[in-house]
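What follows is a set of notes on a single structure, which appears directly below.
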Amino acid sequence: MIGINKIACYIPQNYLKMTSLASARGVDPKKFLIGIGQEKMAVVGGNEDSISMGLNSARRLLDSLTSEEKESIKLVIFATESSVDESKAGSLFFQQYLGLSSDARYFEIKEACYGATAGLDLAIDRVTLHPDEKVLIVASDIARYGLNSGGEVTQGAGSVAMLVENSLETAFETVYRPSYYAQNVPDFYRPMGCEEAIVDGPLSNQTYLQFFKHVFEDFFKSKPIMPEDLKMINFHMPYTKIGLKALNEIKDQINIDKFEEWVNLFNQGKSLNAEVGNIYTGSLYLNLLSNVLAGNLNKEDLIGMYSYGSGSQSEFYVLKAHAIPDLSSLSDLLINRQEVEIKTYEKMYQERSDELNQQFNSEGIRLGDFYLKEVVNGNRIYDQK
Numbered sequence: 001m002i003g004i005n006k007i008a009c010y011i012p013q014n015y016l017k018m019t020s021l022a023s024a025r026g027v028d029p030k031k032f033l034i035g036i037g038q039e040k041m042a043v044v045g046g047n048e049d050s051i052s053m054g055l056n057s058a059r060r061l062l063d064s065l066t067s068e069e070k071e072s073i074k075l076v077i078f079a080t081e082s083s084v085d086e087s088k089a090g091s092l093f094f095q096q097y098l099g100l101s102s103d104a105r106y107f108e109i110k111e112a113c114y115g116a117t118a119g120l121d122l123a124i125d126r127v128t129l130h131p132d133e134k135v136l137i138v139a140s141d142i143a144r145y146g147l148n149s150g151g152e153v154t155q156g157a158g159s160v161a162m163l164v165e166n167s168l169e170t171a172f173e174t175v176y177r178p179s180y181y182a183q184n185v186p187d188f189y190r191p192m193g194c195e196e197a198i199v200d201g202p203l204s205n206q207t208y209l210q211f212f213k214h215v216f217e218d219f220f221k222s223k224p225i226m227p228e229d230l231k232m233i234n235f236h237m238p239y240t241k242i243g244l245k246a247l248n249e250i251k252d253q254i255n256i257d258k259f260e261e262w263v264n265l266f267n268q269g270k271s272l273n274a275e276v277g278n279i280y281t282g283s284l285y286l287n288l289l290s291n292v293l294a295g296n297l298n299k300e301d302l303i304g305m306y307s308y309g310s311g312s313q314s315e316f317y318v319l320k321a322h323a324i325p326d327l328s329s330l331s332d333l334l335i336n337r338q339e340v341e342i343k344t345y346e347k348m349y350q351e352r353s354d355e356l357n358q359q360f361n362s363e364g365i366r367l368g369d370f371y372l373k374e375v376v377n378g379n380r381i382y383d384q385k
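See below:
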């Protein structure tokens with residue numbers, strides 16, 4: 001069976017509490033904690049970028065592979081909207097620093113937060129045609145909206161790595177044909193040279209919800225299963241409250257007992273997203289990992305997956321759980337983090353790695369993790385602490 005056989009996550013060391021942000025911005029904490037549904041957000045400085053975080057999620061995944069298994073990775077896809085280069089694919093850094101094969105293809109993919117799902121679709125097709133090969137997908141992003149901005153509460157940073165392969169008992173098998181929907185919508189975009197995205201919040205929320213209802217309904221028109229057959233639905237979540245709003249969009253299409261079950265599981269399984277914040281391309285898969293951590297998934301469960309990328313592209317598909325992964329190391333990452341105060345967060349936010357020549361130290365980096373060491377004539381050089 002073909003699907004996601006291994007999955008790993010990187011969460012930065014530092015975080016800011018939403019109560020601290022609310023206090024500094026003169027906002028009622030309930031607006032962030034309840035109205036938005038966020039508790040903390042990961043914070044990074046200039047020595048972390050989408051590449052270093054991607055290296056850190058990928059290395060956690062690759063550590064469990066033999067050299068022969070690593071050699072069978074013939075396609076490496078980097079999904080990001082926080083690219084560090086206008087030309088070079090970020091996945092090529094993975095080849096160098098993680099010792100991956102040169103006899104493979106490496107490229108970068110972009111469509112806002114949908115990129116990792118696009119990569120997964122390509123990976124499934126590739127392994128279907130070449131069942132002896134593996135595909136590595138790395139989703140890595142830093143969500144930035146500006147200090148004192150309306151979107152500041154929905155920032156975050158992190159990375160998720162996934163290995164797609166043909167296995168006798170894969171972790172999450174892809175089943176049934178996905179449903180897609182796309183339109184050119186100016187809800188969120190970041191023009192060349194802009195450090196922060198331009199966001200029309202109301203339009204983005206409206207489009208997210210409309211697209212979800214469309215692909216959800218379209219999916220079940222031609223499938224041999226009913227919505228009630230799903231154990232749960234996982235969501236791309238720029239903030240966790242949007243997932244609950246999406247469930248309410250389809251409340252009248254399912255029986256009330258199943259709806260209440262979905263809501264209960266949603267509330268139990270949103271903790272990673274609420275604790276880390278928005279990680280763009282990896283957000284949907286962070287929700288999947290969160291449900292694994294919460295113990296919400298069992299063998300044979302069918303899991304609905306809603307992927308959305310502003311601009312806008314959406315997809316609804318289903319995974320079937322088989323070998324539930326052990327995520328004890330992810331629990332350790334989450335527990336052993338360092339809280340920063342508002343002034344430290346603001347200082348870290350303003351650190352940049354966009355000059356042609358810069359140097360950085362390993363402050364705030366865990367032992368064994370990668371970080372951006374220096375930039376020499378625009379070439380980025382990474383090191384492992």
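All residue numbers for the sequence shown refer to full-length UniProt numbering, where the first residue is 1 and numbers rise by one.
Cβ coordinates follow ideal geometry from the N, Cα and C atoms, glycine included.
Beta-ladder partner(s) of residue i, from DSSP
i	result
S307	E315
D141	G158
L75	R105 and V135
E374	Q359 and I381
S331	BP columns for S331 are empty, so no partner.
Q338	N14
I2	N166
F172	I4 and A321
N248	Beta-bridge pairing links N248 to no other residue.
F188	V199
S179	F316
Buried versus exposed call for residue i [16 or more other C-beta atoms within 10 Å across all chains shown]
i	result
L75	buried
T207	buried
V43	buried
N336	exposed
S67	exposed
C194	exposed
P191	exposed
V127	buried
P12	buried
Y256	Looking at the sequence shown, residue 256 is not Tyr but Ile. Under this definition I256 is an exposed residue.
M226	exposed
Q350	exposed
R380	buried
residue 394	The chain is shown from 1 up to 385; residue 394 falls before or after that span and cannot be answered.
Q96	exposed
K373	buried
S328	exposed
residue 387	Residue 387 lies beyond the stretch modelled for the chain, which goes from 1 to 385, so this question has no answer here.
Short CB-CB distance (under 8 Å) between residue i and chain C
i	result
R190	In the structure shown, chain C cannot be found, because there is only a single protein chain.
Rounded separation between residue i and residue j - CA only
i	j	result
S87	I109	12 Å
A118	E339	34 Å
residue 427	L129	An answer regarding residue 427 cannot be provided, because it is not within the stretch 1 to 385 covered by the chain.
S101	R60	17 Å
K223	Q313	21 Å
G378	D85	9 Å
L136	E260	36 Å
V292	N357	42 Å
E228	A182	26 Å
F266	E355	42 Å
K241	L203	16 Å
N248	N234	14 Å
P186	K213	19 Å
Y114	N14	26 Å
G149	L302	Note on identity: in this sequence residue 149 is Ser, with Gly being the wrong assignment. If I take the Cα positions, the gap works out to 39 Å.
I142	P238	12 Å
A22	S91	37 Å
R352	V375	11 Å
CB-CB length for residue i against residue j, believed under 8 Å
i	j	result
S271	S140	Contact flag wrong, Cβ pair sits at about 21 Å.
T170	M1	5 Å
N278	L163	Between L163 and N278 the Cβ distance is about 24 Å, and since that is not below 8 Å, they are no contact.
residue 392	E111	Nothing about residue 392 can be reported from this structure: the residues present for the chain run from 1 to 385 only.
P131	N166	4 Å
L319	E196	With 8 Å as the limit, L319 and E196 do not qualify as a contact, their Cβ atoms being about 33 Å apart.
L330	L289	7 Å
L98	L55	7 Å
F107	I77	6 Å
residue 400	Q253	Absent from the structure is residue 400, since the part of the chain shown begins at 1 and ends at 385.
K134	S72	5 Å
S159	G309	The pair is not a contact, with the Cβ atoms about 17 Å apart (cut-off 8 Å).
N296	N287	That pair is no contact at about 11 Å.
E69	E275	About 31 Å separates the two Cβ atoms, so there is no contact after all.
I51	Y382	7 Å
P325	I34	Contact flag wrong, Cβ pair sits at about 31 Å.
W262	M232	6 Å
V175	A161	With 8 Å as the limit, V175 and A161 do not qualify as a contact, their Cβ atoms being about 22 Å apart.
Y280	V199	Not confirmed; about 13 Å, so no contact.
A116	A79	4 Å
If we count Cβ pairs, one from each stretch, closer than 8 Å, do we get three or more for the region 29-47 versus the region 355-372? yes
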